[in-house]
DNA sequence: GTCTATAGTAAGATAGAC
DNA sequence: GTCTATCTTACTATAGAC
């Protein structure tokens, strides 16, 4: 075969991400990851010399970037609070494919106390996401403590809805979460 | 070694449960499970001829029984709604060891689309738990639809708090959930 | 950059002694 | 009921050709 990349970096991340979200970290074998990307295992090692941990780490960081720079970035745009929320909600919905795509943070949180680097990154990212929602709520006029509590609660509801989707084999819990998100953010 | 059980059935379930909750289904190897129970792999196969799936299934059913017949059973006892709630909350707290013990449903939901029998059981159990909370809320005077919505929301918050505990490496999210549970159930 | 081939290890599972 | 020993398969990882 050729000497050039058969798959772009972003496409590669996307395909790896699907496998990890679906099978979890330990459940995803190199055979699975290779099949999903149409590469052989040795080719994956060429791109990720540290193997599966590195793949998971890079996928995780890509997810963080998308959440921070695209989904939650909507909350900092120049528009009314309501419009910013509905843009964010829309992007969140597409990020999780209406609840049919699991959450990598979620999966890793249930799997990876072993790998310290991954565990730290998960912790860091959860803090960033909550911080971003908290910042929005404070800008909107809520007190620091209320903003903090509420941001944590929203993250709990999001993660919980995704667990419920998998457990109930239905995307309804996530869709309900999406439907109530604006109220959950702005209610008095 | 002897011809008699080295470990009681309930102790066995308990030890297996810890491993599954900590490492997930695919992450838990027979070596792990054997080490935790002080049995050899072959001895585990004697008790669970179908191997790991069967262990997970039996652990799962034991957890369901404890949740239904002990934790949530508090909601059907003969006392005021407030007292029933605080008994249930107390038992829930001890069931999850103040948030330091992960949730098997949660872990399985993030891991086990593969095994259909486990997936069905998880779905069934989630339905039972929600149904039990819903029943309590209806008895307390809430409408059927409100009871339903609220019961689902509480299960989302519970699962979400446990995900957050693992992700943040802190038991605070679960403790906050416990603190707010009565309000979450009874608020107008 | 991708491949085939293969080494080495750990996994799940079984047979048979005690 | 538990053990040691073993089988087979699947996994991670590496070496080297193109």
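Residue numbers (this note's numbering), protein chains in the order written: chain A, 49 to 236; chain F, 49 to 236. Ideal Cβ positions, reconstructed from N, Cα and C, are used throughout, including at glycine. Remember, predicted model here, so these are calculated numbers, not experimental data.
Could you pull the start and end residues of the alpha helix (DSSP H) that residue 207 of chain F belongs to? 192-216
Using DSSP with H/G/I as helix, E/B as strand and the rest coil, what is residue 93 of chain A? Three-state DSSP puts residue 93 of chain A in a helix.
In chain order, what residues of the region 85-109 of chain A put their CB closer than 7 Å to some CB of chain F? none
Within the 8 Å Cβ cut-off, does residue 191 of chain A reach chain F? no
Take the Cβ of residue 146 of chain A as the centre, count every other Cβ of all protein chains shown within 10 Å, and call the residue buried at 16 or more, exposed below. exposed
Leaving out five residues before and five after residue 93 of chain F in sequence, what residues of the same chain have Cβ atoms less than 7 Å from its Cβ? Within the same chain, Cβ atoms closer than 7 Å to the Cβ of residue 93 of chain F are found at 99, the five residues on either side in sequence being excluded.
Is it the case that the region 195-211 of chain A contacts the region 226-233 of chain A, given that we only count it when at least three CB pairs across the two stretches are under 8 Å? Yes, the region 226-233 of chain A touches the region 195-211 of chain A.
Less than 8 Å between C-beta atoms, sequence neighbours within five positions excluded: which residues of the same chain meet that for residue 139 of chain A? 118, 119, 122
Of the choices F/183, F/174, F/83, F/133, whose alpha-carbon is the least far from that of residue 228 of chain F? F/133
What residues in the region 139-153 of chain A bring their beta carbon closer than 9 Å to a beta carbon of chain F? 150, 151, 153
Does residue 161 of chain A have its Cβ less than 8 Å from a Cβ in chain F? yes
Taking the C-alpha atoms as reference points, what is the distance between residue 78 of chain A and residue 189 of chain F? 54 Å
CA-CA distance, residue 150 of chain A and residue 114 of chain A? 15 Å
Taking the continuous alpha helix (DSSP H) assigned at residue 170 of chain A, which residues delimit it? 164-187
Between the region 210-222 of chain F and the region 175-185 of chain F, can you find at least three pairs of beta-carbon atoms closer than 8 Å? no
Once you ignore the five residues that flank residue 125 of chain A on each side, which residues in its own chain have a CB closer than 6 Å to its CB? 132
Less than 8 Å between the beta carbons of residue 108 of chain A and residue 85 of chain A, yes or no? In this structure, residue 85 of chain A does not lie closer than 8 Å to residue 108 of chain A by Cβ.
How big is the Cα-Cα spacing for residue 220 of chain A and residue 53 of chain A? 39 Å
Residue 205 of chain F at chain A interface by Cβ criterion, 8 Å: Closer than 8 Å to some Cβ of chain A, the Cβ of residue 205 of chain F qualifies, so yes.
Quick one: grab the DSSP three-state call for residue 69 of chain A. helix
How long is the line joining the alpha carbons of residue 223 of chain A and residue 208 of chain A, rounded to whole angstroms? Note on geometry: alpha-carbon atoms of residue 223 of chain A and residue 208 of chain A lie some 12 Å from one another.
Those runs of the alpha helix (DSSP H) which lie wholly inside the region 108-172 of chain A and span at least 4 residues: 129-143, 152-157
So the alpha helix (DSSP H) residue 227 of chain A belongs to, where does it begin and stop? 220-234
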